[in-house]
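Here the sequence shown stands for residues -13 to 227, where the numbers follow my numbering.
Data block below; observations after.
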Amino acid sequence: MTATLISPAARVAQIFDTPPVLSLQNVSKTYGDGEGTVTALHPSTLDVRAGELVAINGPSGSGKSTFLSIAGALLRPTAGRVVVVGQDITELSERELPAFRLKHLGFVLQASNLIPFLTVREQLTLVPRLAGEDARAASAQADELLRSLGLADRAGHYPDALSGGQKQRVAIARALMNNPDLILADEPTASLDGARGREVVQMLAQEVKRGNKAAVMVTHDERVLDLCDRVVTIVDGQLSE
């Protein structure tokens, strides 16, 4: 059988022929009122579909963290709608949001935030174990993710035996443990040098394509933007593509 090659243009057409996993519709965030009102995010609209890694690029204090917190159901917008896998998350109650995040979202933070007394495998299986899920299945899933990210030989190691790049790859694996529809990465290369930063973003991009996930990465690191499918700039709380 002859493999069918898909051109980059055809792939883009396929992506944009599907409904967005994340849709921000005229979303804004302000603090205070009257003359003391501060606008952290001006009305913004953005769609991200499965198979896409979208970078939100901008300087410190530009509104990147506000944007990511709203997209990740950690902060409610002042106005607008945030739709994730068809659910308007602005309509969910505070009690409903944690379960929604656990089922649909995966987070990769600026610092890997690994627990120092847990091995690499245990970092991944902790949440499934606390949730009462099957331990054997969770361990098998963790080992598969670690293999795919080139960390199989580090499964029994503790964080202090890992390099910075390896720690961030463990953080990516941990974010994928719940098979999320949407991955949100907050400055994942901030504590890494150029080579390790590219390695981490390459791994993230590969997992987005392999698992057909949607992903948003906020970053001020312009050295990795070429690895992303789209780059959206944010300056003073205003998005522009």
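Even glycine gets a Cβ: it sits at the ideal position worked out from N, Cα and C.
Here residue 15 has 26, 27, 52, 63 and 64 as same chain residues with Cβ atoms under 6 angstroms from its own Cβ, once five neighbours each way along the sequence are excluded. Contact check for residue 187 against residue 218 fails: the beta carbons are separated by 7 angstroms or more.
Taken in chain order, the complete beta strand (DSSP E) segments of 3 residues or longer contained in the segment 85 to 150 are 91 to 94. Counting only residues of its own chain and dropping the five nearest sequence neighbours on each side, residue 3 has no CB closer than 8 angstroms to any other CB. Our two residues, residue 43 and residue 132, have alpha carbons roughly 29 angstroms apart in a direct line. When the Cα atoms are used, residue 178 and residue 148 turn out to be separated by approximately 13 angstroms. Runs of the beta strand (DSSP E) spanning 3 or more residues and lying entirely within the segment 2 to 45 occur at 8 to 17, 24 to 34 and 39 to 43, in chain order. Taking residue 223 as the centre and dropping the five residues before and after it, the same chain places the C-beta of 25, 26, 27, 28 and 49 closer than 6 angstroms to its C-beta, in chain order. In the displayed model, residue 48 falls within coil according to three-state DSSP, outside both helix and strand.
Residue 195 and residue 205 have their C-alpha atoms some 20 angstroms from each other.
The beta carbon of residue 90 sits closer than 7 angstroms to the beta carbons of 70, 71, 166, 167 and 168 from its chain, once the five residues preceding and following it are set aside; these are given in chain order.
Apart from the 5 residues on each side of it in sequence, residue 96 sits with its Cβ closer than 8 angstroms to the Cβ of 172, 173, 174, 176 and 177 in its chain, given in chain order. Excluding the 5 residues flanking it on each side, residue 54 has same chain C-beta neighbours closer than 6 angstroms at 170, 172 and 204, in chain order.
In the DSSP secondary-structure assignment, residue 67 is bridged to 11.
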